[in-house]
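Here's the structure we're looking at; comments come further down.
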Amino acid sequence: MSSRLLIRHLSADFYVFAGWDVAICSALFFQGVLCAQFAHYINLSKRDTIGLKFFVTGLALMTVVRCCECIATMWMQNVTFFARVEAASQLSMYHWLPKANILLEATGAVYVQIFFCRRLWAISRNAYIVIICLILFAFGFVSSVIGNFFLFTGATTSTAGWVSLHFGIALCADLLLTGSTVFYLLRHYNASVLSRSPFAIKMKFLVRLTIQSAAPAAMCTLANFVANMQLYLTDSQDPKYPQSLMVAFISLIILPQLYTWSAMWTLNSREDIWVAVDNRMYTVNLATSAGVLTDLQP
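Residue numbering for the sequence shown follows the UniProt record's numbering, beginning at 1 and increasing consecutively.
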């Protein structure tokens, strides 16, 4: 069989279509997973505070808005502009709905990140680290707003630069937040490991949960940062690497779902951790580790 039948040189339009379709289908798939997590949380939220319940309600509303935006984009791309390939491939350049993806992603990300900052404060009581994380998240959100502004003005190269800055700052802040949380959990674990108490086992479970829940969003953020940097360095108005454009679309769409999935996984794992250790009742405030911190008292 000739190698020409196996190798096809695709144009940038095909990568744009593939990026949108794969990203939207992935977002809808993750929304199904999140619906199951929200339903599971309803059965566990009877002892949670009003603030935590409002937080989960906000997560649910934002994910629903995100999915509605994805469905509307797919409808325009595959139905409204079905016979106009060039117009459909440039949908994100001149229609306001796909242009709002950057701002929607940044809003959902910072919403979850503030929650994890509150959790870090409950674990560490270190105001300096928490304030640094909040400042980084604020700078990341501002850079996304500036990038969204340039996207609406048509300066796609500047958009790629500011968006890559946004994801770079968000990645650094996420690593600092996750690393600090793991550090203080290990600190509590080392302080109680000699006693072989149930509290030490809880700390071990929480360390594993923190790393596992943060890893998917961090990897997706890293992929988006690398893709946008490549688009910025090679002039995103005429990208030499359309694969980077496809990766940027996919990671941008699914990143809010990954952040929400991380938060809901953290919340829904509390019952499993307590049941696995000692089957004790616990109370929870806005920080998910408040029930753990009550055991620090002798």
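The beta-carbon is built from N, C-alpha and C at its ideal position, and this holds for glycine as well. What you are looking at is a predicted structure, and each value in this text was computed from that prediction instead of being measured.
Within 8 Å, strictly: CB atoms of residue i and residue j
i: A167; j: F249; result: It is worth fixing the name first, because residue 167 is Phe in this sequence and not Ala. Contact: no.
i: L175; j: A218; result: yes
i: L97; j: A72; result: yes
i: F55; j: K99; result: no
i: L103; j: R66; result: no
i: T181; j: T210; result: yes
i: residue 385; j: N43; result: The structure shown has nothing for residue 385, since the chain only spans 1 to 298.
Alpha-carbon spacing of residue i relative to residue j, whole angstroms
i: I169; j: L136; result: 6 Å
i: Q113; j: W265; result: 14 Å
i: F38; j: G161; result: 36 Å
i: G19; j: R125; result: 42 Å
i: L255; j: L206; result: 23 Å
i: A155; j: C117; result: 34 Å
i: A223; j: V247; result: 7 Å
i: A150; j: F141; result: Looking at the sequence provided, one finds Phe at residue 150 rather than Ala. C-alpha separation (whole angstroms): 14 Å.
i: F30; j: L233; result: 32 Å
i: G108; j: Y259; result: 8 Å
i: W261; j: S213; result: 8 Å
i: S26; j: N148; result: 23 Å
i: L165; j: V130; result: 21 Å
i: G51; j: S45; result: 11 Å
i: A23; j: V79; result: 17 Å
i: Q230; j: G58; result: 34 Å
i: E69; j: R187; result: 43 Å
i: V145; j: L134; result: 17 Å
i: M203; j: R47; result: 21 Å
i: V163; j: Y111; result: 18 Å
i: W121; j: H95; result: 41 Å
i: R270; j: A36; result: 16 Å
i: Y128; j: R208; result: 24 Å
i: M62; j: I201; result: 35 Å
i: L296; j: T159; result: Confidence at L296 is low in this model, with a pLDDT of 37, below 50, so the placement of that residue should be treated as unreliable; the coordinate-derived value is given next. When rounded, the distance between both Cα atoms is 48 Å.
i: G179; j: A106; result: 21 Å
i: A138; j: I132; result: 10 Å
i: T157; j: W75; result: 27 Å
i: A227; j: I123; result: 35 Å
Min CB distance residue i to chain D below 8 Å
i: F139; result: The structure shown contains no chain D; it holds only a single protein chain.
Segment limits, alpha helix (DSSP H) that includes residue i
i: N148; result: A127 to T153
i: T72; result: It should be pointed out that residue 72 corresponds to Ala in this sequence rather than to Thr. Taken as a continuous stretch (DSSP letters only), the alpha helix (DSSP H) holding A72 covers I50 to W75.
i: A122; result: N101 to S124
Integer-rounded CB distance, given that residue j should sit under 8 Å from residue i
i: Y41; j: N190; result: Incorrect: roughly 31 Å between the Cβ atoms, too far for contact.
i: F115; j: A263; result: 6 Å
i: V16; j: L177; result: That pair is no contact at about 33 Å.
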